[in-house]
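Following: one structure in structure tokens, then a few remarks.
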Amino acid sequence: MIGAIRAKFASLLYEYSLHAVDQNILRHITRREIEEAIASGEVIEDYPTDKYGPSCLVLGFNSQGRPLHVQCTRPAETRIKIITAYEPDPSEWLDYRLRRTT
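This is the structure we're talking about:
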């Protein structure tokens, strides 16, 4: 799945949800960082029954090594939609890949 997501990004076939735009501004995440995270990323969670349509969570890193989680729609649609992006909290994630259990 990550190969298809990368191909869509390389062809500029992606867009941001309004929520993603707002959160990226608040979290100081740039478009370039999102692109770098997808280019270096891996799908770590899949949400086939997400309420707004199938999506997945990608873990990637920017060029300075900043970890980012990018939730986006699956590549079945013409365009990928970025739902949200954030820097994962190490207290909630093991190696940024696995959710810690309480």
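For the sequence shown, the positions run 82 to 183 when the numbering used here is used. We treat Cβ as the ideally placed atom computed from N, Cα and C, and that holds for glycine.
So, with DSSP's three-state summary, where would you put residue i?
i      : result
Arg181 : coil
Glu173 : coil
Ser136 : strand
Do residue i and residue j have their C-beta atoms closer together than 9 Å?
i      : j      : result
Ile161 : Ile110 : no
Arg181 : Glu173 : yes
Thr154 : Ser136 : yes
Asn105 : Arg113 : no
Ala91  : Pro156 : no
Gln152 : Tyr128 : yes
Give the DSSP bridge partners of residue i, in chain order.
i      : result
Lys162 : Glu96
His150 : Leu140, Tyr167
Glu123 : Leu140
What is the C-beta distance between residue i and residue j, in whole angstroms, given that I count them as a contact (C-beta under 8 Å)?
i      : j      : result
Gly122 : Ile83  : 6 Å
Ala166 : Leu149 : 6 Å
| query | Would you say the segment 134-154 touches the segment 112-119, given that touching needs at least three Cβ pairs under 8 Å? | reply | yes
| task | Determine, using beta-carbon pairs with one atom in the segment 127-140 and one in the segment 100-113, whether at least three such pairs fall under 8 Å. | result | no
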